[in-house]
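K.L.:
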Amino acid sequence: MISLHILNVKDFMSQLLLHDTFDRFYLTEASITTFGTFLIDGHLQKGYFSSEELENEEFCQPYSYWKQMRPFCLELIKGKKTPLNFKIVFQLSSSNTEKLLLQTGVALTPSDVNGLYLNLHYDGRSLHCITGTSLNLFTMDKSLEHAWDEMVRKFFHAKEIPAE
Numbered sequence: 001m002i003s004l005h006i007l008n009v010k011d012f013m014s015q016l017l018l019h020d021t022f023d024r025f026y027l028t029e030a031s032i033t034t035f036g037t038f039l040i041d042g043h044l045q046k047g048y049f050s051s052e053e054l055e056n057e058e059f060c061q062p063y064s065y066w067k068q069m070r071p072f073c074l075e076l077i078k079g080k081k082t083p084l085n086f087k088i089v090f091q092l093s094s095s096n097t098e099k100l101l102l103q104t105g106v107a108l109t110p111s112d113v114n115g116l117y118l119n120l121h122y123d124g125r126s127l128h129c130i131t132g133t134s135l136n137l138f139t140m141d142k143s144l145e146h147a148w149d150e151m152v153r154k155f156f157h158a159k160e161i162p163a164e
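Pasting the structure below:
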């Protein structure tokens, strides 16, 4: 687990809300406080969709992709005033988790991994991103955690998101 302090909040918010930078992450949950507090549960409600829609890859996942929720969050955040705070929890998609395991040679299977998380927390002044891992088994091996932390650092670098 690492905590990254975002150095340019305005540019990060542009990447988060106006660009597709985080679109392929699952949104597991969000809490946004402006004039009220808005809570979002990212679980897809399968009963809402038709059987044809459920055949689409975007709707057969456990959570909504950020791409699907971003417009709603943008509506809550945009304006002249910044939010009082927000918390957004992203999870690396199943397919990207599998790719990470293959690319890094970590000795775990996709079914061993409950989730790889990126927690965004804005407190009205500063923005932090905290990584997290959740496994379905006990191990003292931290290679997946280190691989995920390194991937997040590389992702931020590639997207020109300065963080320390």
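Note that the UniProt record's numbering has the sequence shown beginning at 1, numbered continuously upward. C-beta: ideal position from N, C-alpha, C; glycine also.
DSSP state of Asp112, grouped into three classes?
P.N.:
In the sequence shown, residue 112 corresponds to position 112, counting from 1. In this structure, Asp112 counts as helix in the three-state DSSP scheme.
K.L.:
Ser14 to Thr28, Cα distance in whole Å?
P.N.:
Reading the sequence shown from its first residue, position 14 is the one you call residue 14. Reading the sequence shown from its first residue, position 28 is the one you call residue 28. Spanning the two alpha carbons is a distance of roughly 21 Å.
K.L.:
Determine, using beta carbons only, whether Lys67 and Asp11 come nearer to each other than 8 Å.
P.N.:
Translated into positions along the sequence shown, residue 67 becomes position 67. Translated into positions along the sequence shown, residue 11 becomes position 11. For Lys67 and Asp11, no; Cβs fall outside 8 Å.
K.L.:
Heavy atom of the ligand SAM less than 7 Å from the Cβ of Leu27, yes or no?
P.N.:
The ligand SAM is not among the ligands present in this structure, which contains no ligands whatsoever.
K.L.:
Am I right that Glu164 and Leu7 are in contact with their C-beta atoms under 8 Å? What's the rounded C-beta distance?
P.N.:
The count along the sequence shown starts at 1 and reaches residue 164 at position 164. The count along the sequence shown starts at 1 and reaches residue 7 at position 7. Correct: roughly 6 Å between the Cβ atoms.
K.L.:
Residues in the same chain with beta-carbon distance under 7 Å from Ile32, minus the five sequence neighbours each way, listed in chain order, please.
P.N.:
Working through the sequence shown from its first residue, we reach residue 32 at position 32. Cβ within range, chain order: Phe38, Cys73, Leu76, Ile77, Pro83 and Phe86.
K.L.:
DSSP three-state label for Gly106, please.
P.N.:
The residue given as residue 106 occupies position 106 in the sequence shown. Inspection of the sequence shows that residue 106 is occupied by Val rather than by Gly. It is coil, neither helix nor strand.
K.L.:
Since Arg24 contacts Tyr65 with CB under 8 Å, what's their CB separation in whole angstroms?
P.N.:
Reading the sequence shown from its first residue, position 24 is the one you call residue 24. Reading the sequence shown from its first residue, position 65 is the one you call residue 65. Indeed they touch by this definition, with Cβ atoms about 6 Å apart.
K.L.:
Answer with buried or exposed for residue 182, where buried requires no fewer than 16 other C-beta atoms within 10 angstroms of its C-beta.
P.N.:
Within the shown structure, residues of the chain are numbered from 1 to 164, placing residue 182 beyond reach of any answer.
K.L.:
Taking all protein chains shown into account, do 16 or more other C-beta atoms lie within 10 angstroms of the C-beta of Ala158, making it buried, or fewer, making it exposed?
P.N.:
As a working note, residue 158 is residue 158 in the sequence shown. That one is exposed.
K.L.:
With C-beta atoms as the reference, is Leu92 less than 8 Å away from Asp112?
P.N.:
Sequence index remark: in the sequence shown, residue 92 carries index 92 (1-based). Sequence index remark: in the sequence shown, residue 112 carries index 112 (1-based). The answer is no: Cβ separation not under 8 Å.
K.L.:
If you draw a straight line from the alpha carbon of Lys154 to that of Ser50, how long is it in whole angstroms?
P.N.:
Here residue 154 is taken as the residue at index 154 of the sequence shown, counted from 1. Here residue 50 is taken as the residue at index 50 of the sequence shown, counted from 1. Answer to the nearest angstrom: the Cα atoms are 38 Å apart.
K.L.:
Less than 6 Å between C-beta atoms, sequence neighbours within five positions excluded: which residues of the same chain meet that for Phe90?
P.N.:
Within the sequence shown, the letter at position 90 stands for residue 90. Phe25 and Leu118.
K.L.:
When DSSP labels each residue in this structure, what does Thr21 get in the three-state scheme?
P.N.:
Locating residue 21 in the sequence shown gives position 21, counting from the first residue. Of the three classes helix, strand and coil, the one that applies to Thr21 here is coil, per DSSP.
K.L.:
Can you tell me where the alpha helix (DSSP H) with Gln68 in it begins and where it stops?
P.N.:
Here residue 68 refers to the residue found at position 68 of the sequence shown. Gln68 -> alpha helix (DSSP H) spans Trp66 to Ile77.
K.L.:
Relative to the C-alpha of Met1, which candidate in Thr131, Phe138 and Gly115 has its C-alpha closest?
P.N.:
Position 1 of the sequence shown, counted from the start, is the residue given in the question as residue 1. Closest option to Met1, Cα to Cα, is Thr131.
K.L.:
Quick check on this structure: which residue in Gly42, Asp123 and Val106 has the alpha carbon closest to the alpha carbon of Val9?
P.N.:
As a working mapping, residue 9 is identified with position 9 in the sequence shown. Comparing Cα-Cα distances from Val9 to each of Gly42, Asp123 and Val106, the minimum goes to Asp123.
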